[in-house]
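Here UniProt numbering is used: the first residue of the sequence shown is 1, the next is one more, and so on.
The beta-carbon is built from N, C-alpha and C at its ideal position, and this holds for glycine as well.
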Amino acid sequence: MIFRKGNPSRVDANLAIGGASIPRFGVHRFLGVLLDCGLGGGQHLKYLVDKGRGIADIVAVLSSVTWGSHPGLLLTIYRAVFRSAVEYGSQFFVWRPTNADFVRLQRLQYRIIRRAMGYHISTPINVMLAEAKEHNFSNRLEYIASKFIYKTMASKFSPVYSSLEEMEVVAVRKNRKAEAIKASRLFRHYVLTRHEEKIVYRSTYPPAFWHTYEVSSTGIAFIQRMRGCDKNNTNLIKVDFYHKSFSYRQGTVSFYTDGSKSLDEAVGAAVYSPEMRAPSNTDYRPKHRSLRALSNSNSIQRNYLIYFIKQAYIDVTKRGTEITLFWVPAHCGIPGNEIADQCAKRAALGVCRPHFQVSHVDLQILSKTAAVRRQEDYMKRISVCAGKGTRYYELYHTPSMRTWFHEETLSGNEIVLINRTKANHVNTQESLHRIGIVNSSACPCGDSRQTVNHLIFHCVTYNKDSLPIRKYIENKFPDSPQDILPALSSPSPRLCRLILTFMKANDLFF
1 MIFRKGNPSR VDANLAIGGA SIPRFGVHRF LGVLLDCGLG GGQHLKYLVD KGRGIADIVA
61 VLSSVTWGSH PGLLLTIYRA VFRSAVEYGS QFFVWRPTNA DFVRLQRLQY RIIRRAMGYH
121 ISTPINVMLA EAKEHNFSNR LEYIASKFIY KTMASKFSPV YSSLEEMEVV AVRKNRKAEA
181 IKASRLFRHY VLTRHEEKIV YRSTYPPAFW HTYEVSSTGI AFIQRMRGCD KNNTNLIKVD
241 FYHKSFSYRQ GTVSFYTDGS KSLDEAVGAA VYSPEMRAPS NTDYRPKHRS LRALSNSNSI
301 QRNYLIYFIK QAYIDVTKRG TEITLFWVPA HCGIPGNEIA DQCAKRAALG VCRPHFQVSH
361 VDLQILSKTA AVRRQEDYMK RISVCAGKGT RYYELYHTPS MRTWFHEETL SGNEIVLINR
421 TKANHVNTQE SLHRIGIVNS SACPCGDSRQ TVNHLIFHCV TYNKDSLPIR KYIENKFPDS
481 PQDILPALSS PSPRLCRLIL TFMKANDLFF
């Protein structure tokens with residue numbers, strides 16, 4: 001196989017070993033990626049399209065409304081089988097948004113998500129992506145490339161990062177560098193992030209292997225007796241804290257820790273101790289996420305600081321000092337924690353910059369933030385400027401990365417029904433008339449518009465069957481007693497069951 005920018009068929013090259021002629025190939029599969037002679041990625045893109053069609057057919061079979069699989073499960077299948085296949089190897093190729101095969105690939109993404117979530121074909125794409133908490137492939141591939149650059153940056157001898165550095169040295173002229181940025185997604189993100197190399201923690205191999213087995217296998221237990229407390233009642237929380245931590249605070253030095261972030265992205269941290277006398281026992285209160293990482297002795301942590309903290313913990317405890325980690329909720333009026341929070345905010349606004357190397361895991365948060373911002377801009381542009389999914393954007397859109405039915409005990413029918421109702425693309429006369437399927441939006445009862453609200457609150461035909469829903473809305477949402485739409489922002493399982501029962505009883509399943 002000959003790699004060449006132009007037409008490789010014009011190259012006259014024959015290879016023979018021991019008199020046996022070695023045939024030439026135009027495409028070769030290497031580690032799951034189809035490489036063509038020009039390294040344009042066209043053959044790999046066609047392979048992904050064919051794979052996507054098969055997965056779309058499987059999801060279509062599994063997504064039957066009457067007996068189909070749960071939408072959450074179907075989204076998991078999409079992410080594990082199709083999205084992961086597109087992401088794998090995407091760093092090597094740059095496909096233009098106007099590329100016919102790339103357009104087909106994106107349409108397959110929309111088709112699979114539509115089937116998984118139970119939407120009608122008329123549902124706007126931006127609404128489907130927002131409800132499934134998915135990004136379009138163009139944005140997703142940029143996010144993956146950005147994360148990958150930070151990961152390679154953390155390795156001192158990464159061949160990928162070294163190649164990008166050599167690529168920058170070779171592209172000395174501005175036009176050559178511009179061509180390289182346009183042709184390589186990885187090189188573009190390398191140019192955008194190379195200035196952060198001086199602050200990132202770099203090592204020759206993963207941080208877990210810098211320390212002894214004792215450090216890697218140590219799990220630091222912590223006390224979480226304050227979990228599940230009512231944060232709205234600060235007085236009760238303070239009393240509860242002093243009661244539950246009383247035995248741990250006797251004869252100890254207590255340290256309260258907190259971190260803060262300013263509006264201009266600067267961060268700060270602070271440690272506060274109200275006693276500061278000779279310790280025999282130390283009571284320390286860090287963040288819950290950090291405590292979970294410290295207590296985990298099974299998984300390898302990517303943040304190098306976790307192992308330094310474990311090493312320090314082992315060294316201190318071997319000298320006879322006992323350390324107790326006690327988690328408390330933030331911003332709940334606990335005096336020591338509030339003082340630490342105020343100090344952290346002042347630190348974030350200060351000019352002091354300690355010599356500190358940042359883990360690449362923390363820098364990857366920047367990649368996620370940029371991807372979310374691009375997706376939010378896309379959602380706003382389509383909803384506000386193009387006028388597609390405007391009502392959904394105004395009533396339901398949130399920046400959360402979890403679906404509305406995450407951790408809810410709901411059936412597939414209930415989720416599909418709520419999805420269609422929130423998107424306002426349902427089997428009502430008004431919705432069908434809006435997309436040109438029927439000639440009139442009038443209801444058979446005589447009203448000029450047959451909407452979901454009309455069927456539940458005003459239609460005389462279904463007035464008796466919709467009484468339980470009306471009573472529930474009137475009781476739970478007194479500000480909008482004849483409008484079900486605000487209640488669908490975060491619907492309770494009971495409301496979902498009431499709506500589904502009403503629709504099935506009257507053969508109105510949307």
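query: Check whether leucine 291 and tyrosine 150 have beta carbons under 8 Å apart; result: no
query: C-alpha distance - alanine 423 paired with threonine 409, whole-angstrom precision; result: 21 Å
query: Alpha helix (DSSP H) segment containing leucine 105, residue limits; result: 100–117
query: Selected residue, minimal CA-CA separation from arginine 115, among Phe502, Ala487, Arg420, Glu338; result: Arg420
query: Straight-line gap, isoleucine 339 to aspartate 479 (C-alpha atoms, nearest Å); result: 40 Å
query: Euclidean distance between Cα positions of lysine 46 and aspartate 101; result: 7 Å
query: Whole-number beta carbon distance between glycine 268 and alanine 330, since they are thought to touch under 8 Å; result: The pair is not a contact, with the Cβ atoms about 15 Å apart (cut-off 8 Å).
query: Test item: CB-CB of isoleucine 334 and lysine 182 under 8 Å; result: no
query: Cβ distance (whole Å) where residue 511 is taken to contact valine 59 below 8 Å; result: Coverage of the chain is limited to positions 1 through 510, which leaves residue 511 absent and any answer about it impossible.
query: Sub-8 Å separation of isoleucine 484 and asparagine 453 beta-carbons; result: yes
query: Secondary structure, beta strand (DSSP E): runs of 3+ residues fully inside the stretch 3–87; result: 15–17, 20–22, 27–30, 33–36
query: Cysteine 385, buried or exposed, once every other Cβ within 10 Å from all chains shown has been counted against 16; result: exposed
query: Beta-ladder partner(s) of serine 155, from DSSP; result: Ser203
query: Boundaries of the beta strand (DSSP E) in which leucine 325 is found, first to last residue; result: 322–325
query: Pairwise C-alpha distance: aspartate 57 and leucine 455; result: 34 Å
query: DSSP three-state assignment for lysine 464, whether helix, strand or coil; result: coil
query: C-beta contact flag for serine 155 and arginine 202 at 8 Å; result: yes
query: Unbroken alpha helix (DSSP H) run spanning proline 335, endpoints; result: 335–349
query: Per-residue burial, tryptophan 67 [other beta carbons within 10 Å of its own, 16 or more giving buried]; result: exposed
query: Beta-carbon proximity check, histidine 458 vs aspartate 465, cutoff 8 Å; result: no
query: Cut-off 8 Å between Cβ atoms - residues of its own chain near lysine 51, not counting five sequence neighbours on either side; result: Phe82, Ala85
query: Chain-order list of residues whose beta-carbon lies under 6 Å from that of isoleucine 306 (same chain, five-residue window excluded); result: Ala293
query: Cut-off 7 Å between Cβ atoms - residues of its own chain near leucine 500, not counting five sequence neighbours on either side; result: Asn413, Glu414, Leu417
query: Sheet register partners of lysine 261 (DSSP bridge); result: Val267
query: Range of the contiguous alpha helix (DSSP H) that encloses valine 127; result: 125–132
query: Contiguous alpha helix (DSSP H) assignments of at least 4 residues, all confined to the stretch 175–222; result: 185–193, 213–217
query: Own chain, CB closer than 8 Å to phenylalanine 502, minus 5 neighbours either side, in chain order; result: Ile456, Tyr462, Asp465, Ser466, Pro468, Ile469, Leu508
query: Burial state of histidine 406, where buried means 16 or more other Cβ atoms lie within 10 Å; result: exposed
query: Assigned exposure category for alanine 132 - 16 Cβ within 10 Å defines buried; result: buried
query: Reduced DSSP secondary structure (H/G/I, E/B, other) of valine 358; result: strand
query: Residue from Ile55, Ser64, Arg140 whose Cα sits closest to the Cα of arginine 111; result: Ile55
query: Coil, strand or helix - lysine 422 by DSSP; result: helix
query: Alpha-carbon to alpha-carbon, lysine 345 and histidine 211; result: 33 Å
query: Under the three-state DSSP convention, the category methionine 167 falls into; result: helix
query: Cα-Cα separation, arginine 302 to arginine 24; result: 43 Å
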